[in-house]
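Spelled out as structure tokens, the structure:
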């Protein structure tokens, strides 16, 4: 209710601040009997951790080592809550003291203070992207469950700084630091990052997420439609300002005859619907795209105010990424995975076989 | 949990099928002491009812008369559940018999059957847009509460069939049948509708929704961010395939220095954030846009299959709209209103003054 | 959240006031494909309706005819919400006008006004026992689902007005108007009712509820223990002031060696646990008992105050039952059934076979 | 949904096993700006920790030191989740190896295995009473909030091993090891404990909980009635088998004229209702009582089976309490506090002043 939980039957609650003792997540509703090791979780975390962003990333090298505090017995889940924790090590709270009396533009500093009458100013506190480490950890548990059902989720970069991928060779994703399915374009993206970094500015982009192997029947009608749930899940990532499913905003210019996906005995002939009809998965690939805003922490001078309302000018130094891409990719995957996981259990609840 | 409820503290549950006895909504959590009349609700319903779509609409003239079954005593809400019901009158179930054995492309026919093993084929049953009448009715109640707090929500058409509004004169909205803030463009949109109607095809478009007067502090961090909640709310409308907040997908091409909204003692100097920072309202106008797909029921011939998997060809006759716009506008407003209403009560819960 | 919903996966929301247009219930999460007729529901309602209470009952003869407004197609549930409604016919609002300015002792008149600042004084409004008709209607749907799984729930009277049943011959239940498993005692209870009725007073009692055929594994650890859920379900009936499971309050005087139920290869050798261990059903019969307070509406003179705080004296006439027993029995059954139904679906959700 | 969370607006999720790394709790929805120190929490934990049970207790001396991992900044709550953790130190997992293949009578060993197909046999795993340390920690936070509103909650022993308190001098509670309001009786209870301990057996009892200073208006009608919520909260404590409010089971033998609490300009003249009318607090003291079963771990020989269904005989050694009383007292208080806290915030949500 206060916003730190996600999901219903596979329900996660994340907690912890950027510069507090730890960030963590408790998973309630994890099916029993699953084999889970810290390594299963660590490999997703390693894709998100500081320092993993290639040229777009920060030089911080935080290990982000996950520990399992509960819910596992002799290597298997028991049906009781899993708590995963990542202790903060590279905190440097002092380096944030100068931001105590400044509302950084593009950040939640001002809204948190207005909402709560108090705020933890150290690195954004709870509003820091560091919170997403907990989501990725929880997502790794669900990923393993879904993988056993044949469901795979993958995110990749299709635009960055105005440069768009043309090719969609998913095999290329692992061949460049930006997880772009078009390696030639990836190189131009990297050059753009380097150029913008020199100017002290930052870049946005677009991420596409695809879920394959998803059975038909996931999603609940009306308000918990699968596309609505995915939209909320993805929009809950701080940097995301837009979400679209399948043909997305292109539907605004299409005719009904162009947009409808004809059905044949062999299946759908195209996938403008993005794998979801009337909010329920159709068995096709589920396809979503998100607009990622540029990192708001820039070293250029910006106008803002202090909590007393006085004008101040701020340059945000420190070790910040140039783009939330590519570190946002495992976070996008986690949110799609957590959504599918929850709906998979919800479909099981009504007693029909999920196929 | 099964998808027919929306909201937490101001919680609505809609029910009813397109060609059943009635559609209705139960509101649990309506604050007590509000003066509510059927007319308050009827005026929003009248903007959504069949026949209200101007050139884009159907010739059906259903009165969609709302009745209040509970929760009102001597003209005021009592804190107990309100049930609002709209009995179906112009049903024509027979005219849907020929669709019993066809999965209409772009509709949920195939996914409902795969999910539940059974489906009500009459006009889409529960998946029909008729269900949104119940949302609009509930939204009208919340609209009255928010109006007393100074909050106003308005939706209007900014694109249709590839034609985009240039001007944004909100006073123009009431002056054309499409609620377009640019009357010159509205006329071209209407001409496009007439042309496409002759071809038996349908059109999509883009709707913008603006909420003014919203206090800072609404929205819950992390997973129940106001933008995420709005995304789910809007994407839960059947025709919507994309949602964006503020600058939306344009952020993908912007620099951080362009996208950040500087703050001055007099307020923010622009509104790329769409009134939401870190998931919490900032006090600026809240701005969202949705991509509306073309109505999937077209009278052109389409390929599809029957439930046994055999190929069939279908032309969907009957009285269908050419575009979900403009009848979708009050539905978009209702979903934004219901989201804000719920978060308004959530903010009150923690005992801080909402200002 | 505002209290009018029960259950999570099989979630009901009741609405309506004693003297409003109707009382009703919406069920969200009903499994698809179930055959349901109005008669299935009517037979439970008939056991609860006014006039069914034998000597303990009121002379009111309300038909309490249920109508199905949604969720059924060609006689089967479709997975969409069922709305069941009972229109009020025998309302007599006028006869409650004299109670407008009185807080009836033992009723919620004073607390509703303090909570909401407004109250519907006609027959208790939402706080009337009439609301339980909606619960019984919803319970009848769940009863049918559970019956197909071999689960049966039965409530009966074991004490009334200080007279306790000695025998427990469940076959006797249908042979007396109080559903007492000891017909000799039942007769003495009836005589007690007649005597107290003459004095203008009312009686309390104890109801026992037994669920047979319940599989092991229902109930969720820690906070959603099956016994806790049953306690809440039963205590939510207005007249209930105490709930116990298995040996109940007798455990306070027992030794561990007396209270523990030994286990043998053939099963448990006794059932002090009431079929629930650590909050999870064990496969034994589930046994609960509730304390039912005397009907607070008595025709004897009572001291109370009016909303302005002035002392007044009141005699409550009208057509009231002498005891909530036996009409409360189908309500007790409904609450146990709804609890088991919800947990049955919850157990299915984790993907293990419920056996 | 999987049972490890309690509350809606002040929502706690507990996690951890008896012999795992830690037990802990995450609180979501804690109002911001509260001053909280570890000492505030520690003092309640100290009343529950092993070794605090006087003659009824175990000789284990676990410090149960609480640590705050999140949600506090400069000594105050920030509105973000609090995570409180108690690392397990005195685990002795080895000493439970002999119980691996035994279903202890009166414990959840058999039901957990049937539910999940797997169980952590070390000291009951998640079903251990050790989990309640997390509840007490969360309750201590809520206690501080309620105390500032003038609400106090106190639990005390009114029966143990068949010996009942006669006097109700609450000042006596701190003067004996059993927190009994009748010190003379307390001595007899202690003697009974010592005698039973020699026999290797255990004792049950009755705890009464009183909440003073509670405003009128808490509790939600129909299904979330305050008495129902308290019943669930208290019954969720493993040892509790019965709950009653106010006159409780005595209502079964009372006349309506005896049970109704008359109202005068000066207030209610008695409190059979236990401070709750129609599920809503009346402003009187809230009074509940719970039946506490004898500790099921006894050193007497008992018949049971192993997971393969073979008969075995078991004597449970180890360091077990003779009675859950008095260590259960702070747990009972915590559950009442958490219930009131949640409903206090729920009442604030509708925007009326809680007074």
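Chains as they are written, first to last, in our numbering: chain A, 1 to 355; chain B, 1001 to 1355; chain C, 2001 to 2355; chain D, 3001 to 3355.
Cβ atoms here follow ideal geometry from the backbone N, Cα and C, with glycine treated the same way.
Given the structure is predicted, the values throughout are model-derived calculations rather than measurements.
Assigned secondary structure, residue i (DSSP; H/G/I helix, E/B strand, else coil)
| i | result |
| --- | --- |
| residue 311 of chain A | strand |
| residue 1017 of chain B | coil |
| residue 1028 of chain B | strand |
| residue 272 of chain A | coil |
| residue 1284 of chain B | coil |
| residue 73 of chain A | strand |
| residue 289 of chain A | strand |
| residue 2264 of chain C | strand |
| residue 1039 of chain B | helix |
| residue 3159 of chain D | strand |
| residue 254 of chain A | coil |
| residue 165 of chain A | coil |
| residue 1348 of chain B | helix |
Test item: CB-CB of residue i and residue j under 8 Å
| i | j | result |
| --- | --- | --- |
| residue 329 of chain A | residue 179 of chain A | yes |
| residue 3325 of chain D | residue 3213 of chain D | no |
| residue 2003 of chain C | residue 3010 of chain D | no |
| residue 256 of chain A | residue 1295 of chain B | yes |
| residue 210 of chain A | residue 286 of chain A | yes |
| residue 338 of chain A | residue 138 of chain A | yes |
| residue 1241 of chain B | residue 1322 of chain B | no |
| residue 2127 of chain C | residue 3278 of chain D | yes |
| residue 1988 of chain C | residue 2022 of chain C | The first residue shown for chain C is 2001 and the last is 2355, placing residue 1988 of chain C beyond what the model contains. |
| residue 36 of chain A | residue 25 of chain A | no |
| residue 1203 of chain B | residue 1276 of chain B | no |
| residue 1989 of chain C | residue 2156 of chain C | Because chain C is modelled from 2001 through 2355, residue 1989 of chain C falls outside the range shown and cannot be assessed. |
| residue 307 of chain A | residue 1263 of chain B | no |
| residue 2102 of chain C | residue 2314 of chain C | yes |
Taking a Cβ distance cut-off of 8 Å, strictly less, list which residues of the region 170 to 197 of chain A are near chain B, in chain order. 196
Please give the ranges of any alpha helix (DSSP H) in the region 190 to 244 of chain A, keeping only runs that are unbroken, at least 4 residues long and fully inside the region. 226 to 235
For the region 2126 to 2148 of chain C, enumerate the residues whose C-beta is nearer than 8 Å to any C-beta of chain B, in chain order. 2126
With a cut-off of 8 Å, do at least 3 Cβ pairs link the region 3163 to 3183 of chain D to the region 3114 to 3129 of chain D? no
With a threshold of 8 Å, are at least 3 pairs of Cβ atoms found where one atom belongs to the region 2240 to 2248 of chain C and the other to the region 2262 to 2276 of chain C? yes
Relative to chain C, which residues along the region 1014 to 1026 of chain B have a C-beta separation below 8 Å, given in chain order? 1014, 1015, 1016, 1017, 1020, 1021, 1022, 1023, 1024 and 1026
Residues from the region 2065 to 2090 of chain C in contact with chain A, defined by Cβ distance under 8 Å: 2079 and 2080
Against chain A: residues of the region 1286 to 1315 of chain B by CB proximity under 8 Å: 1291, 1292, 1293, 1294, 1295, 1296, 1297, 1298, 1300, 1302, 1303, 1304, 1305, 1309, 1310 and 1311
When Cβ atoms are compared, which residues of the region 31 to 57 of chain A fall closer than 8 Å to chain C? 31 and 32
Where the region 2098 to 2119 of chain C meets chain D: residues whose CB sits under 7 Å from a CB there: 2103, 2105, 2106, 2107, 2108, 2110, 2111, 2112, 2114, 2115 and 2117
Contact set between the region 3206 to 3222 of chain D and chain C, restricted to residues whose Cβ is under 7 Å from the partner: 3206, 3216, 3217, 3220, 3221 and 3222
Using a Cβ cut-off of 7 Å, which residues of the region 153 to 170 of chain A contact any Cβ in chain B, in chain order? 159 and 162
Taking any Cβ of chain C, which residues in the region 3256 to 3281 of chain D have a Cβ under 9 Å from it, in chain order? 3256, 3257, 3258, 3259, 3260, 3261, 3262, 3263, 3264, 3265, 3268, 3269, 3272, 3273, 3274, 3276, 3277, 3278, 3279, 3280 and 3281
For the region 3237 to 3256 of chain D, list every residue whose C-beta sits within 9 Å of some C-beta in chain C, in sequence order. 3237, 3238, 3239, 3240, 3241, 3242, 3243, 3244, 3245, 3246, 3247, 3248, 3249, 3250, 3251, 3252, 3253, 3254, 3255 and 3256
Please confirm if the region 1070 to 1084 of chain B is in contact with the region 2119 to 2135 of chain C, defined as three or more CB-CB distances below 8 Å between the two stretches. yes
When Cβ atoms are compared, which residues of the region 3328 to 3350 of chain D fall closer than 8 Å to chain B? 3345, 3346, 3348, 3349 and 3350
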